[in-house]
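22 is the number of the first residue of the sequence shown in our numbering; add one for each residue after it.
Heads up, the beta-carbon is just placed ideally off N, CA and C, and yes, glycines get one too.
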Amino acid sequence: MKKPDKVLVQRVGLYLTIAIAGLALLLGAYCLIAQRSVLAAIQNLWIALVFALIASAAAAVRDHRADAE
22 MKKPDKVLVQ RVGLYLTIAI AGLALLLGAY CLIAQRSVLA AIQNLWIALV
72 FALIASAAAA VRDHRADAE
């Protein structure tokens, strides 16, 4: 198996960091509006959070491949 490129790892890390920051803001706003605790919100929205992180990593890999061409 080929070792991942350093630039790819950095790009995935950047995309995931941005996604986590955005999701944290969204989760905070949801908790304030719905007057729920963070744990209750995560229990209800965990699958959406996982899909958002997967989509972010996939977008980073896609963009890296597009730049490599």
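Asked	Found
Can you give me the Cβ contacts of L37 inside the same chain, cut-off strictly under 8 Å, excluding the 5 residues immediately before and after it?	L74, S77, A78 and A81
Roughly how many angstroms lie between the CA atoms of A55 and L46, to the nearest whole one?	14 Å
With burial defined as no fewer than 16 other Cβ atoms inside 10 Å of the residue's Cβ, what is the status of V33: buried or exposed?	buried
Give the straight-line distance between the Cα atoms of K23 and R57, rounded to the nearest whole angstrom.	45 Å
Kindly list the residues whose CB is nearer than 6 Å to the CB of V9, restricted to its own chain and excluding five residues on each side of it in sequence; keep chain order.	Here the chain comprises residues numbered 22 to 90, so residue 9 is not present and cannot be evaluated.
Can you grab the Cα-Cα spacing for the pair L66 / Q31, in whole Å?	27 Å
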